[in-house]
Amino acid sequence: LASTCNVLGQNIGYCVSQLSFLTLNNKHTCFSLFKKYVKYMHLIFSESNYYKDLYNNMDLLYPTFQPFVDMNIFLKSWGIFILIITLLTFFKSEVAHVHPNNQIKTIKKLSANNCVSYNAITDDTNNNNNILCDNNMCDNSNKQNSYCIAKETYKNLYEIIFLPPMKIFIMLFLINRLPFASVEVGTNLKMLKRGITKEEFAIFNPFFIPLSIISPAIIGKIIKSSKPLNIFYYGYILRYISNLILSTLLPITHYVYSNKFHLYPFSFYSYYLYIFLAQVFNHLCIDIMTVSSMNFSNIVSDPHIGGTYMTFLNTINNLGSHWSAIFLLMFDYTDKTVCFKGKCVLIDGFYVQMIISLLIGLLIHKFILNCLKNLQNFPLEEWRISYTTEKEKNI
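Residues in the sequence shown are numbered from 9 upward in steps of one, following this note's numbering.
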């Protein structure tokens, strides 16, 4: 459930943010909304000369009309929002909900370097709290105890990095997206250069929102009855097919917009439908890989160090997705002009990188499969380390 909710939240956030920005940044859309607003205000305040004159001269305003939001305002507003939320977290204290029967065990595990922070133990008979340490001692050691726990956590995380399964996990998730990086980052960019507009891309966003909500939930249910990395491998293979489908969008887009005045409307509708289905299939493949990898991370994460373990695994996964930025920077350098008998042909760098990525994928495919099998064969104990406090070591 945790992995499903994680992907679900990310998908909704991506769709809503892109849709809201593209809508509020489009001059025609913003002017239409403003025109409707003025029309309603004119009907409500029919005696007002201001709205009457404004309504009668709307067409004169269009040349100088500006969208509601530009990139500068959009980034500043959300940047301020994130900073405020981040600052508020410093004043938010968390309350641990621990079952009474397990509370004493939790206290012992959290004690380190003689820093003792005792929680209240619930009395089942009268619901009164029995304090296990003097109030003065607990107050004086709270800050020191937090530091000790954080120090022990990152020390344990450092040891976890060198565990045999963790080494395989790091290597696998740093390179598994390499075969798809060029197509993932280059398709939409190259389509824009071949004639399609951002507004046309924005048409599909409202349809992606329900699909982004439904697909993680369905994938999450499928994973329950199977090993998560088996599902991950299926998504991995499907993304090769998705890459081939996405690569066909470029020549089709070039043909459609080169002959847009000679094509029937039905041809454009078929073209839009093909784009939509190709993007849906690609998003489905990405969701399969993401949900299954997060589900596996939830299984192997050690609850002793809370979200630190899970965050580290997600960080490795996210680092593996940054290959696309490198391929994006290389597009201009991979464009090649081939000349033969006085005729020159420009070979798009997109196809050069796609072929290179495909060859890399073929070379590492067997390695990826072996890594997935090995990771699932490791028992959970292999993902853990032995936790001993400094006090126990001295004894």
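Glycine included, C-beta positions come from ideal geometry on N, C-alpha and C.
Assignment of residue 77 by DSSP, reduced to helix, strand and coil, places it in the coil class.
Only buried fits residue 324, as 16 or more other CB atoms lie within 10 angstroms of its CB. With respect to the 9 Å criterion, residue 290 and residue 254 are classified as neighbours on the basis of their beta carbons.
Leaving aside the five residues that flank residue 292 on each side, the residues in its chain whose CB is nearer than 7 Å to its CB run, in chain order, 223. At a Cβ-Cβ threshold of 9 Å, residue 345 and residue 336 do not count as neighbours. Annotated three-state conformation of residue 393 is coil, per DSSP. Only buried fits residue 361, as 16 or more other CB atoms lie within 10 angstroms of its CB. The residue among 40, 318 and 313 with its C-alpha nearest the C-alpha of residue 303 is 318. Residue 39 is a Cβ neighbour of residue 73, given a cutoff of 9 Å.
Rounded to the nearest angstrom, the gap between the Cα atoms of residue 225 and residue 215 is 17 Å.
Excluding residues up to 5 positions away in sequence, 307 and 308 lie with their Cβ nearer than 8 Å to the Cβ of residue 388 in the same chain. In the three-state reduction of the DSSP assignment, residue 37 falls in the helix class. In the same chain as residue 210, and ignoring 5 residues on each side of it, the C-beta atoms closer than 8 Å to its own belong to 26, 27, 30, 31 and 34, in chain order. At the C-beta level, residue 54 and residue 60 come within 9 Å of one another.
Apart from sequence neighbours up to five positions away, no residue of its chain approaches residue 364 with a beta-carbon distance below 7 Å. If you look at residue 351, you'll find it in the beta strand (DSSP E) that goes 351-355. In summary, residue 321 is buried, with 16 or more beta-carbon neighbours lying within 10 Å of its beta-carbon over all protein chains present. When only Cα atoms are considered, residue 50 and residue 87 end up about 36 Å apart. Note on geometry: alpha-carbon atoms of residue 256 and residue 85 lie some 38 Å from one another. The alpha-carbon separation between residue 266 and residue 356 amounts to approximately 17 Å. Of the other Cβ atoms in all chains shown, fewer than 16 fall within 10 Å of the Cβ of residue 167; this residue is therefore exposed.
Note on residue 192: 16 or more other CB atoms within 10 angstroms of its CB, so buried under the neighbour-count rule.
The DSSP assignment places complete alpha helix (DSSP H) segments of no fewer than 4 residues inside the region 50-74 at 57-64 and 66-69, in order along the chain. Rounded to the nearest whole angstrom, the CA to CA distance from residue 69 to residue 368 is 55 Å.
For residue 345, the enclosing beta strand (DSSP E) starts and ends at 344-348. In the three-state reduction of the DSSP assignment, residue 211 falls in the coil class.
Closest option to residue 233, judged by alpha-carbon separation, among 269, 300 and 202: 300. For the 9 Å CB-CB criterion, residue 366 and residue 277 do not form a contact. Taking residue 157 as reference, the option from 52, 41, 316 and 343 with the minimal CA-CA separation is 316. Contact between residue 376 and residue 244 holds: their C-beta atoms lie close to 7 Å from each other, under 8 Å.
The Cβ atoms of residue 173 and residue 382 lie closer than 9 Å to each other.
For residue 250, the uninterrupted alpha helix (DSSP H) run begins and ends at 236-255, by DSSP. C-alpha of residue 391 to C-alpha of residue 271: approximately 59 Å in a straight line. The distance from the Cβ of residue 328 to that of residue 165 is about 19 Å, inconsistent with a contact at the 8 Å cut-off.
Non-local beta-carbon contacts of residue 75 in its own chain, meaning distances under 7 Å to residues more than five positions away in sequence, involve 32, 33, 34, 35 and 38 in chain order. Residue environment for residue 195: buried (at least 16 other C-beta atoms within 10 angstroms of its C-beta).
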